[in-house]
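**Student:** Residue numbers (the UniProt record's numbering): 1 to 177.
Dropping a structure here in structure tokens format, bear with me for questions.
Here it is, written out as structure tokens:
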């Protein structure tokens with residue numbers, strides 16, 4: 001999909017609204033699809049000229065916003081394109097959110113973590129995670145580690161005792177046959 005400058009979009013919308021030209025005439029003049037132009041006009045009418053500008057940052061939508069969009073879509077007789085234009089989002093987002101909500105409920109609308117999970121835990125991240133844990137959880141983990149170390153040292157000691165009882169102590173002057 002080609003990106004168009006906001007000035008060009010505003011010019012085309014202004015021509016559509018001020019003159020009696022149709023979207024077909026404008027699409028022939030500027031070599032842009034009629035649906036694209038009608039979408040710009042619709043968004044302009046509903047939300048003003050700011051909707052024609054390009055966004056610089058990725059938007060994150062809250063669960064409440066998604067629920068409001070789904071509720072509006074289900075209670076009104078508007079199409080997904082009209083609902084999307086009203087809320088300044090993509091039409092595919094409306095249908096995706098609605099399908100997820102119908103299949104999995106409200107938990108499907110919660111924000112999902114992005115990206116692949118890390119393969120290796122870095123020490124800096126571990127320190128950050130430890131700082132976020134409560135003091136009690138940190139102490140419980142530390143106690144569990146110490147208990148594991150104590151168990152391992154007791155096992156080593158028992159193995160050494162058993163080997164001494166079976167084979168006896170080695171004296172430096174004698175060689176075994």
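Glycine included, each C-beta is placed from N, C-alpha and C at the ideal position.
Figure out for me which residue from 115, 71, 50 and 116 has the closest Cα to the Cα of residue 6.
**Tutor:** Within the chain shown, residue 6 is the residue found at index 6, counting from 1. Cα-wise, what sits closest to residue 6 is 50.
**Student:** Residues in the same chain with beta-carbon distance under 8 Å from residue 8, minus the five sequence neighbours each way, listed in chain order, please.
**Tutor:** Taking the first residue of the chain shown as position 1, residue 8 is located at position 8. Result list for residue 8: 30, in chain order.
**Student:** Determine the burial state of residue 69: buried for a count of at least 16 other Cβ atoms within 10 Å of its Cβ, exposed for fewer.
**Tutor:** On the chain shown, position 69 is the one that residue 69 refers to. Burial call: buried.
**Student:** Determine, using beta-carbon pairs with one atom in the region 98 to 108 and one in the region 53 to 62, whether at least three such pairs fall under 8 Å.
**Tutor:** Segments in contact, no.
**Student:** For residue 55, which of 120, 111, 19 and 4 has the nearest alpha-carbon?
**Tutor:** Here residue 55 refers to the residue found at position 55 of the chain shown. Measuring from the Cα of residue 55, the nearest candidate turns out to be 4.
**Student:** Given residue 44, which residues of its chain have a CB within under 6 Å of its CB, disregarding the five upstream and five downstream residues?
**Tutor:** Counting from 1 along the chain shown, the entry for residue 44 is found at position 44. Here the set comprises 13.
**Student:** What residue range does the alpha helix (DSSP H) around residue 148 cover?
**Tutor:** For the purposes of this step, residue 148 is taken as residue 148 along the chain shown, with counting starting at 1. Taken as a continuous stretch (DSSP letters only), the alpha helix (DSSP H) holding residue 148 covers 135 to 167.
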